[in-house]
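A.B. asks: Quick one: the structure is below, and I'll ask about it shortly.
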Ligand code: GLA
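Residue numbers (the numbering used here): 142 to 813.
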């Protein structure tokens, strides 16, 4: 259970910013929260200026009243530490707190997140504020969980100011110990970059030409660590005051700047913010599913919390479509279906002023009783009450995608043969499994892979010997690996591995790559499987492969390398390793992946019509089968031998059931 104080209820509520409203509105807020079944609200995220209006003055009275009111109404609080946006007095007095971009521009006060992660002054003031909050609210009956800061690095993914430069040098000293080691790792013999003093080193800000790639990669690692230090600083304070209150910070899914995997052990549970674009519902559900899977996989043995989503439209895309009726519910239950124990929103009441006034809230600008969105919120709240029994149950998958933030950072640095969108490629492969209702986790290549049958490694460009060895021994012991083009090209220093790529996977794959042909937009090639009559289009990238034991499943049919392998398979130990040397069209990918899952004998929990999502959550004494109809048509679902009660309607479901458009069924199944 992630929230002992909520007992076995799914967390339901949203960011609550009462400081934006007169106190007279608060009474109505809690009345409507109760009406909607809200049991948790996130308070204080952007309230630093209200809590500390000047350097020496703190004003907690208003927050005391908010928390007391919520407690009196049995509404729990996810208390934010308010450090996400330093108040204007702080940055006016200590401008060194402000972050500096790669171009040397100091980002001014007036929006939010206006601090450098390495600022000593910011750290001092943030610690002081958190210490006061922790002491004051440690025993407050409304306190359910702590929410540290907010979406770290979202707007300021890096800083090049003086504090950052100083901290970067200290980080490098600690990592390398000597300048000789640093010069070697950074390959500074190239372009006369050898460093003789630590003070000669700067963050990779704007330079005349490509900056040193290892320096850039180290700067990304350093920046991740700098933000993590901020989190750790607050965490230590909270732990001292409230060792039993769970702590989180809200992640953002496929967010490049932070290696969330390095954070996950410090969070009691993973929470994240999901904002798929309503203008393309099928892309939205794929994106949300991949996000839930990535986030869940960071702590696979605990449910996660959807900390923020929009009740309808957001305000920050060029065009912001609302969610049409039913979609908010469907996406909320999708989060639960994929392992979430909380469905939260940004925000409770839509703001009247400021940059987010056109962002939907659970309460819109119109009266609650006149609001379509609020009616849907209320209906969802009452349904979620019926789903409390699923809390604590887990999603268990047999397929994993190897996904590494360091590989992501490295492959997208400049000066590469072509442009690779690492996360998009991983998500494209995820989408195929999603469409088949085959559950997928995301793992680090060094992870214990014993629970998986199949591991997919998309463009795993940076791969060290140890992690390559881990993937190879997974195959040796009977697993199936599918690696794709531009994998295993560099080690962790971003030095090319010589002697044929993908260096540390060569044995398992039974091949080596000599060179590659990246295509510009609009250029493509074709490839053909075995004796198939039709061929398939491929684009973006072609690796030129030499077989060394593997068998070609498909070959390119065009360009100067026609006849060379486009997809291969190799027996290795007790397992098999596939290689995909290009980016195929949908039909080509389908042929290959269908063969792979057939060999691995993977099947979805239930065969359903396209557009219906099926997942299973497992508890010690039951299984929960989720069926979500994402289409605009009723779906006929043959349950076969599966029978069970729908937790939402209470009906016994068996035989063939009709699932209306946008509708969801959650069946409790007896254990087999
Ligand atoms: C993020 C932030 C919120 C809000 C929403 C708007 O998730 O955490 O404060 O700005 O975006 O979508």
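Glycine included, C-beta positions come from ideal geometry on N, C-alpha and C.
Quick caveat, the model's predicted, so the values are computed rather than measured.
1) What does DSSP give as the partner residue(s) for residue 155 in the beta ladder?
2) Is residue 682 closer than 8 Å to residue 710 when the C-beta atoms are compared?
3) Kindly indicate if chain B contains any beta-carbon less than 8 Å away from that of residue 596.
4) When you compare the CB positions of residue 796 and residue 780, do they come within less than 8 Å of one another, or not?
5) Can you tell me where the beta strand (DSSP E) with residue 373 in it begins and where it stops?
6) Are the beta-carbon atoms of residue 273 and residue 187 separated by less than 8 Å?
7) Identify which residue in 687, 360, 647, 664 has its Cα closest to the Cα of residue 679.
8) Taking 7 Å as the line, does the beta carbon of residue 255 fall inside it for any heavy atom of ligand 1?
9) Can you grab the Cα-Cα spacing for the pair residue 237 / residue 329, in whole Å?
10) Buried or exposed: where does residue 701 fall if 16 or more other Cβ atoms within 10 Å of its Cβ makes it buried?
11) Kindly indicate the opening and closing residues of the alpha helix (DSSP H) around residue 350.
12) What do you reckon, is the C-beta of residue 680 under 7 Å from a heavy atom of ligand 1?
13) Once the 5 residues before and after residue 535 are set aside, which same chain residues still bring their CB inside 6 Å of it?
14) Please state whether the Cβ-Cβ distance between residue 358 and residue 635 is less than 8 Å.
15) Name the residue from 775, 789, 633, 351 whose alpha carbon lies nearest to the alpha carbon of residue 799.
16) Bridge partners of residue 440, per DSSP?
17) May I ask you to verify whether the region 146–163 touches the region 516–532, counting CB pairs closer than 8 Å and requiring at least 3?
18) Using only CA atoms, which one of 249, 689, 267, 475 lies nearest to residue 766?
19) Using alpha carbons as the reference points, say which of 583, 603, 602 lies closest to residue 596.
20) Does DSSP classify residue 263 as helix, strand or coil?
21) Going by DSSP, what residues sit across from residue 808 in a beta bridge?
22) Among 184, 472, 545, which residue has its Cα nearest to the Cα of residue 517?
23) If we call anything under 8 Å between Cβ atoms a contact, is residue 436 one with residue 485?
24) Can you give me the Cβ contacts of residue 312 inside the same chain, cut-off strictly under 6 Å, excluding the 5 residues immediately before and after it?
25) Pairs of beta-carbons, one from the region 192–211 and one from the region 274–284, closer than 8 Å: are there three or more?
26) Leaving out the 5 sequence neighbours to the left and right, which residues in its chain are closer than 7 Å to residue 802 when beta-carbon positions are compared?
27) Roughly how many whole angstroms lie between the Cα atoms of residue 745 and residue 614?
28) Indicate whether the contact test is met: 3 or more Cβ pairs, each with one atom in the region 493–500 and one in the region 549–567, closer than 8 Å.
29) From residue 411 to residue 405, what distance separates their C-alpha atoms?
30) Between the region 297–308 and the region 252–263, are three or more C-beta pairs nearer than 8 Å?
31) Under 7 Å: does the beta carbon of residue 489 sit that close to some heavy atom of ligand 1?
32) Counting pairs of beta carbons, one from the region 462–472 and one from the region 561–572, are three or more of them closer than 8 Å?
33) Helix, strand or coil for residue 327? Go by DSSP, reduced to three states.
34) Which full runs of the beta strand (DSSP E) of 3+ residues lie inside the region 684–745, going along the chain?
35) Would you kindly work out how many angstroms separate the C-alpha atoms of residue 344 and residue 190, rounded to a whole number?
36) For residue 501, which of helix, strand or coil comes out of DSSP?
C.D. replies: The short version:
1) 182, 486
2) no
3) Absence of chain B from the displayed structure is noted, only one protein chain being present.
4) yes
5) Careful: residue 373 lies outside any beta strand (DSSP E), inside the alpha helix (DSSP H) at 354–382.
6) no
7) 664
8) no
9) 31 Å
10) exposed
11) Run containing residue 350: none; DSSP gives neither H nor E here.
12) no
13) 759
14) yes
15) 775
16) According to DSSP, residue 440 bridges with nothing at all.
17) yes
18) 475
19) 583
20) helix
21) 766, 787
22) 472
23) no
24) 363
25) yes
26) 770, 772, 773, 774, 775
27) 27 Å
28) no
29) 7 Å
30) yes
31) no
32) no
33) coil
34) 692–697, 706–713, 716–721, 723–725
35) 31 Å
36) coil
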